[in-house]
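S.K.:
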Amino acid sequence: MPKIIIIGAGIVGCSLADELTERGYCDITVIEKGKLWKPGGSTSHAPGVVFQTNGSRTMAQFARQTVEKLYSLQHSDDTCFLKVGSLEIATTPERLAELHRRAGLALSAGINAQVISPDEALKLHPLLVRDKLLGALYVPDDGIARAVLADEVMGERAISRGARYIDSCEVTAIDQVDGHVTGVQTTQGTFPADIVVSCAGIWGPKIGAMVGMSKAIQPLAHQLCYTVPMPELASYKTEAELPVLRHQGSDLYFRQRGQSLAVGWYGHRPLAVKAQDILPAELAEVMPSQVPFTPEDWKGAMERSIEVIPSLKDTDIAESMNGLFSFTVDNFPLMGEWSGLKGFWVAEAVWVTHACGVARAMAEWIVNGHPTLAVHECDVNRFDAHQLGAQHIEERGAQNFVEVYDLLHPLQPMESPRPLRTTGFYQRQQELGGFFLEAAGYERPQWYEANAGLVDHFKSPSRDEWSSKFWSPIIGAEVCSVRESVGLFDITTLKRIEVTGKGSLEFLEQMTTGNLRKKPGSITYCLLLNDKAGMLSDITVMRRGEHDFFIGVNSNTDINYLKQLAPDTVHVRDVTAGTVGLGLFGPKARALAQSLTRDDLSNGALGYFKLKSTYLGHVPVMLARLSYVGELGYEIYTTADFALKLWDTLWQAGKEFGLIAAGRGAFNSMRLEKGYRSYGTDMNSEHNPHEAGLSFAVRKGGGYKGAEAFNAIDKDALNRRLVCLILENPQHVVLGKEPVLHHGKPVGYVTSAYFGHTIGKQLAYAWVPAALSNQGTSLSIRYFQNDYPATVGEDPQYDPQMTRLKS
Ligand code: FAD
Ligand code: THG
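Numbers given in this note's numbering equal positions in the sequence shown, counted from 1, plus 1048.
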């Protein structure tokens, strides 16, 4: 049994000790610099408000598990969760619409939620104003976490199972030998360990610095005040009965505490603090995670509050604080084993709301090697280099604070810093009027205004205000034009690695489901599985030479995962930033490419899923004959220095073939018509290849990670399936993440949705129970308040015979 040290006894550390000891990992030492059970971190003063609804399914599940667990914990005579319900209120039509969308997100994640009328809201919370209210989102199972009490209950339980808690003990250094953690040094001496888990919250960056790890965490202060007792609350005798409230339109939230109200305020400027500068307990006024209250930043908070709770008008503030907690560059927590040091794990930037779910996933990860829920969004190894720079962390953290309650469209890119990364094609893309969104920090065109002239030719269904954000009818025109002739797509943002050296083939055979014993020049589409046959990624392995592979992967997590496991003779190198990629896709792609090279590109010489090094004009390239948009064509790779020359060469030659530049919008619509899944969106580690319709990518026999579990799956007894839904009315637009209903009951959720311009239908891929996955099954998709009828259709809808790709 490994010796485990947990740094920090906040809600995350305490939950983790509980989850690990429950799984029989009892050699646990929790080291805490403060005093138990209120050691002075963010948990010690959090009002504990829990709203489970989240744009991320995983985060919503973490919240659900947290509520379940805290509700099951008994402290004295009460549970550690007060299930008072929650109300998010709307005073504008836009916010009301947003509440309907959020209700959909909740239902998709299995959380009971409904939009209710102002009168119903008032019944639940009589202090609310009536006249301005348009409606509210009511989630009955939301409420208040009694986090400090929960820490004590979970802590005592872990201790009863053999764990140790040592308080007033500060970790000052992490020991390591040969890239593996060996223990920690503290103010009370050295403690050996096989695994160290940092649950240090806002001090996370400081612990990170001990091992040379930059953490994408920014501690920020947030203002919270408690009122004096209010006469309107005089009749309440318990800690809280009224639902917790959010008024996102004014950056406010509220909870009852006996006869007073807590008012939380995000409307102030971001108040950043460096982890290194947080005062120790003996110097801090109240506790380390509270900095002095700044009344000037509170300005506006009460005025806005009175607008929705008029009885606050003559109410004084009894307690006020600027409390510290963590924001990250992408709003997701940091979880998992850091690839820079074996045995060094992190669970930080976690809200109370998600803490027990996060801790459960961490414990499963440590004990079983993989968590049950999909954690790719939260993986500590997910970041690009730029996301780990001090300036970026500070700026993104602050911006995410400002936007915490903003009404954000799912496609909305960060505003700053932009442009941050550009591909070598950027100048040309600008000249063509590219409408840029951001991907992995790169500017990436969604469509090109230069193609506006095509719109008269190829019409798209019109869209409502929400779905027409970051959208243009040009997207559909680009699709149709590419399917007719040929298009140029910038695919540089797709991550690429080289795996080279003796033993590469054997290594990749163990790691992937692919049949890779093919001649150099071949390409294989395959999967990475975990030990439970859950999918970690889908990749394309291009064999360039005997011991030389070029692989298209999905994320930095994939890259770090392969790096971690590669034997000494095998080198895994990320070549994304040093190379560029263009997709040349469409029926005229071969004729165009052939006009630029003396090598034979005929179907016989360079067939489907084959690879070739050649020149296009002056530019040395690798042509890979595959296409995520389902057309004849090539992925073309070259080094970054040749980007512009490559673009210009193709552009010049493309004139006679009707070449257009096409954006990501077209790319996504086309890949969905062809039924190509997008990892992270359509599927993740919670799903096995059969459920996702990808078992064709798994080789027969075994010898790869996950084989045993995969071979044990009963294909005829799957619980759920990814299906292709066709909306009955092609004018009905959905965007993804909406709940799928059967006879009015939520049964699943949409992953990706686009209009299929070639087939003239609105498509939505969705997870549904296997019993409802047969073609022809009638379901509906809830978009805001509307239930749109949809039917399970053939998968894929476009070119199922592969005639276009293989022509
Ligand atoms: P912490 O509770 O900060 O625990 C980390 C522990 O690590 C600390 O006890 C610290 O002493 C210890 N530690 C650090 N460094 C060392 C070291 N070197 N050696 C030993 N020990 C160390 N979240 C919600 O979900 N709902 C809310 O309503 C809510 N409201 C909030 C309001 C305010 C004003 C603030 C500030 C935060 C709020 N949060 C809320 C966020 C929430 O409080 C935190 O995200 C959560 O408590 C973090 O828990 P943690 O265990 O990660 O960190
Ligand atoms: N290009 C490259 N690598 C990639 C992607 C890509 N890696 C990550 C991600 N995208 C992987 N996704 C896919 C999905 C489908 C296909 C390729 C990459 C594909 N599938 C064929 C099919 O299902 O018809 C496979 C046919 C076969 O196995 O013979 O082409 O876009 N480089």
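Every residue gets a Cβ at the ideal spot worked out from N, C-alpha and C, and that includes glycine. All of these numbers come straight from a predicted model, not from anything done at the bench.
Could you tell me the distance, in whole angstroms, from the CA atom of F1690 to the CA atom of T1662?
M.R.: 14 Å
S.K.: My assumption, with CB atoms under 8 Å, is that A1487 sits in contact with H1505. Please give the rounded CB distance.
M.R.: In fact, because the Cβ distance is near 28 Å, the residues do not count as touching under 8 Å.
S.K.: Counting C-beta neighbours from all protein chains within 10 Å, is the total for L1456 16 or more, i.e. buried, or is it exposed?
M.R.: exposed
S.K.: Taking the alpha carbon of N1651 as the point to measure from, which residue in V1259, T1851, V1244 has its own alpha carbon closest?
M.R.: T1851
S.K.: Closer than 7 Å: is that where the CB of D1586 sits relative to any heavy atom of the ligand THG?
M.R.: yes
S.K.: Measuring only from the beta carbon, is L1300 closer than 7 Å to any heavy atom that is part of the ligand FAD?
M.R.: no
S.K.: Taking just the CA atoms, how far does V1400 sit from T1825?
M.R.: 41 Å
S.K.: Would you check if the distance between the CB atom of T1839 and the CB atom of I1774 is smaller than 8 Å?
M.R.: A contact, by the Cβ cut-off of 8 Å.
S.K.: Using three-state DSSP, classify R1205 as helix, strand or coil.
M.R.: helix
S.K.: As a quick exercise: from G1751, A1740, L1502, pick the residue whose alpha carbon is nearest that of R1894.
M.R.: With the chain running from 1049 to 1855 in the structure shown, residue 1894 is simply not present.
S.K.: Decide if P1844 is buried, meaning its Cβ has at least 16 other Cβ atoms within 10 Å, or exposed.
M.R.: buried
S.K.: Between Q1494 and F1518, how many whole angstroms is the CB-CB distance? I'm expecting something under 8 Å.
M.R.: 6 Å
S.K.: Roughly how far, in whole angstroms, is the beta-carbon of A1856 from the beta-carbon of T1275, given that I think they are within contact range, below 8 Å?
M.R.: With the chain represented from 1049 up to 1855, any question about residue 1856 goes unanswered, as that position is not in the structure.
S.K.: Around the Cβ of P1737, are there at least 16 other Cβ atoms within 10 angstroms (buried) or fewer (exposed)?
M.R.: buried
S.K.: Runs of 4 residues minimum, wholly inside the region 1637-1722: which ones carry the alpha helix (DSSP H) assignment?
M.R.: Correct list: 1637-1642, 1691-1702, 1712-1721.
S.K.: As an exercise, report each continuous alpha helix (DSSP H) stretch of at least 4 residues that is fully enclosed by the region 1450-1524, in chain order.
M.R.: Runs found: 1474-1479.
S.K.: Less than 8 Å between the beta carbons of S1603 and H1424, yes or no?
M.R.: yes
S.K.: Could you give the uninterrupted runs of the beta strand (DSSP E) lying entirely in the region 1053-1088, keeping only those of 3 residues or more?
M.R.: List check, beta strand (DSSP E) in window: 1076-1079.
S.K.: Taking 8 Å as the threshold, find out whether the region 1545-1559 comes into contact with the region 1592-1610 through three or more Cβ pairs.
M.R.: Enough Cβ pairs lie closer than 8 Å, so yes.
S.K.: For E1200, which residues from the same chain have a beta carbon less than 6 Å from its beta carbon, with the 5 sequence-adjacent residues on both sides left out?
M.R.: W1085
S.K.: Does the region 1269-1288 come within contact of the region 1102-1114, defined as at least 3 CB pairs closer than 8 Å?
M.R.: no
S.K.: Starting from I1414 and walking both ways along the alpha helix (DSSP H), at which residues does that stretch end?
M.R.: Unbroken alpha helix (DSSP H) run through I1414: 1400-1416.
S.K.: Taking the C-alpha atoms as reference points, what is the distance between Y1831 and L1300?
M.R.: 27 Å
S.K.: Can you give the Cα-Cα distance for G1482 and E1497, rounded to whole angstroms?
M.R.: 6 Å
S.K.: Relative to the alpha-carbon of P1267, which residue among K1117, P1615, W1251, G1665 has its alpha-carbon at the smallest distance?
M.R.: W1251
S.K.: Under a three-way DSSP split, which group does W1346 fall into?
M.R.: helix
S.K.: Could you give the distance in angstroms between the alpha-carbon of A1193 and the alpha-carbon of F1129?
M.R.: 5 Å
S.K.: Going along the chain, which residues of its own chain have a beta-carbon closer than 6 Å to the beta-carbon of A1714, five neighbours each way excluded?
M.R.: I1523, E1526, V1527
S.K.: Distance, Cα to Cα, A1745 vs I1587?
M.R.: For A1745 and I1587, the distance between alpha carbons rounds to 10 Å.
S.K.: In chain order, what residues of the same chain have a beta carbon less than 6 Å from the beta carbon of A1248, not counting five sequence neighbours either side?
M.R.: I1055, G1056, I1255
S.K.: Taking 7 Å as the line, does the beta carbon of F1373 fall inside it for any heavy atom of the ligand FAD?
M.R.: yes
S.K.: Based on DSSP bridge pairs, tell me the residues matched to I1607.
M.R.: Bridge partners of I1607: none, in fact.
S.K.: Return helix, strand or coil for F1431, following the three-state DSSP convention.
M.R.: coil
S.K.: By DSSP, does E1786 sit in helix, in strand, or in coil?
M.R.: Correct three-state label for E1786: coil.
S.K.: Could you give the DSSP three-state label for M1261: helix, strand or coil?
M.R.: coil
S.K.: Throw me the rounded Cβ distance for the D1078 and A1211 pair, which I believe falls under 8 Å.
M.R.: A small fix is needed here, since residue 1078 is Val in this sequence, not Asp. Rounded, the Cβ-Cβ distance is 7 Å, consistent with contact.
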